[in-house]
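The working numbering numbers the first residue of the sequence shown as 1 and each following residue consecutively.
Beta carbons are placed, not taken as given, at the ideal position from N, Cα and C, and that holds for glycine.
Since the model is a prediction, treat every value here as computed from it, not as a measurement.
What follows is a single structure, written as structure tokens, with notes after it.
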Amino acid sequence: MDGRWPDDLDVTALTAQGWRPKRFNQFVVKIHSRCNLACGYCYVYESADQSWRDQPKIMTEAVLTEACRQIDEHAGATVSLVFHGGEPLLAGAAHLDRLAAAATSILSPGRRLRLGLQTNGLLLDPRMIEVCDRWGIRVAVSLDGDEAGHDRHRKFRDGSGSHAGVARGLRLLQQHRHLYAGLLCTVDLANDPVTTYEALLEFEPPTVDFLLPHANWTTPPVGARAAYGQWLSQIFDRWFDAPVRESGVRLFDDILALTLGGTGTSESVGLQPIRVAVIETDGAVEQVDTLKTAFAGATRVHAAAGGNPLDQALRQPQIVARQLGAEALCRTCRDCEIHEICGGGNYTHRFHAGNGFLNPSVYCSDLTFLIGHIRARVSGELAKIRTRRPTGGD
């Protein structure tokens, strides 16, 4: 095992003690390994891992069919399958149609199957919408705010911005609300937070995912200490104080749920087991692809030959570490009073070339600031409720 992974995980001993892994239930399927944009912060093409160069450009129907058979053998009653890339829509509407048909025929009988697609939105057109509608594929689109904010990083190879094309795709998607999953927005400190959020609201997203740039201790993020937490806190106040719920914000909803004793839904916060597997265009099973920003080969799963590769992957230390909850956190995190909310942050953001992933998140100060801010706001609202509550009487 690579020394950059936790080297003290004895999976056999854990199993003997009664621990059991949770089967993967979300599958990110890379149906196209290239992209029509050249985003400066891309974790696939601009990262330490350049393995995309050796991947087939398009996942064939035969590869997808075999992957779905493996999923069918491995998975439980609910499966989420997300078509991803690169830019998945480069595969074309006809090919997407065939892949969705194959996935549905194999995985739908006897279980709940949810199909999704993550795209930059540039190739959304009536034909693509027709295919998504036929198979119930819910579409999430990447958008980084207003035109200036979005085009700072999300450019074509000639340097021109992509906002106008994304906006066209989103306006079409808005006409098909049942297919509209939401927006993903990468945080950029150069953009005004409230302006960014309100620009996203113009497209009426059902939910917004704000994503911290995929930095780590070896390649740290730009900005002052807690700058990202302060940036997000301004959006939280705008969101929390709105007279009506304009959109869900996944990070805020998760922190609120965890603060009140519930569970999270993502790998950004909380201690819930990560149950995501990535299937590359050649059919290889890998870890979540944001780990490509850590080091070359970080996403690879070195499972033993034979048997279902998804079953084999569950016993690999790097997968086990994502399912152990607090036991996989470093001592600093375990001693922190908010570790059950923070969860150590995104696993990718913990990497240090010197000692691997057994570290706090490089965004530790940002998460501490944001969680503290949200807890204070919630406490303030609860205090207001208590002061309005009758104290006695008949």
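| Item | Value |
| --- | --- |
| Could you give the uninterrupted runs of the beta strand (DSSP E) lying entirely in the segment 323-373, keeping only those of 3 residues or more? | none |
| From what residue to what residue does the alpha helix (DSSP H) around Q230 run? | A227 to F240 |
| Could you spell out where the beta strand (DSSP E) holding C185 opens and where it closes? | Y180 to T186 |
| With three or more C-beta pairs closer than 8 Å as the rule, is the segment 77-84 touching the segment 26-38? | yes |
| Rounded to the nearest angstrom, what separates L367 and R98 at their Cα positions? | 42 Å |
| Quick check on R152: does DSSP put it in helix, strand or coil? | coil |
| For S33 and C342, I'd like the C-alpha separation in whole angstroms. | 32 Å |
| In the DSSP assignment, find the beta strand (DSSP E) that holds Q70 and state where it starts and stops. | Segment E61 to H74 is the alpha helix (DSSP H) holding Q70; no beta strand (DSSP E) there. |
| If you run the structure through DSSP and keep just helix, strand and coil, what is H95? | helix |
| At 3 residues or longer, and completely inside the segment 83-142: list those beta strand (DSSP E) runs for me, N to C. | 112-119 and 137-142 |
| Within 10 Å of its beta-carbon, does A190 have 16 or more other beta-carbons around it, so buried, or fewer, so exposed? | exposed |
| Just mark G3 as buried or exposed, buried being the case when its beta carbon has 16 or more other beta carbons within 10 Å. | Reliability fails at G3, whose pLDDT of 40 lies under 50, so the model's placement of it is uncertain and the value that follows must be treated cautiously. Answer is exposed; the Cβ neighbour count stays below 16. |
| Alpha carbon to alpha carbon, what distance is there between L183 and V11? | 38 Å |
| List the whole-angstrom C-beta distance separating Y289 from V44, where the pair is believed to meet the contact cut-off of C-beta under 8 Å. | Note that residue 289 is Asp in the sequence shown here, rather than Tyr. Yes, they are in contact, since the Cβ atoms of D289 and V44 sit about 7 Å apart, within 8 Å. |
| Could you say which of V63, G261 and E87 lies nearest to I338 if we only look at CA atoms? | G261 |
| What three-state label does DSSP hand E286 in the structure shown? | strand |
| Taking the beta strand (DSSP E) that Q26 falls in, what are its first and last residues? | Q26 to K30 |
| Quick test of your reading: H302 and L212, contact by CB under 8 Å. State the CB separation rounded to the nearest angstrom. | With a Cβ gap of about 28 Å, H302 and L212 do not count as contacting. |
| In whole angstroms, what is the alpha-carbon distance linking Q50 and C333? | 31 Å |
| Among all the DSSP beta bridges, which residues are the ones paired with V249? | V208 |
| With H, G and I counted as helix, E and B as strand and the rest as coil, what does DSSP make of T12? | helix |
| Identify the continuous beta strand (DSSP E) that holds A277 and give its terminal residues. | V276 to I279 |
| So if DSSP puts L81 in a beta bridge, which residue, or which two residues, is it bridged to? | F27 and L115 |
| So E340 and L258 are supposed to be a Cβ contact under 8 Å. How far apart are they, rounded? | 7 Å |
| Report back the beta-carbon spacing between I385 and R322 to the nearest angstrom; my notes put them in contact at under 8 Å. | At roughly 38 Å, the Cβ-Cβ gap does not stay under 8 Å, so I385 and R322 are not in contact. |
| Can you check which of these residues, W135, C185 and G283, is closest to S142 by C-alpha distance? | C185 |
| Do L64 and A103 come within 8 Å of each other at the CB atom, strictly closer than that value? | yes |
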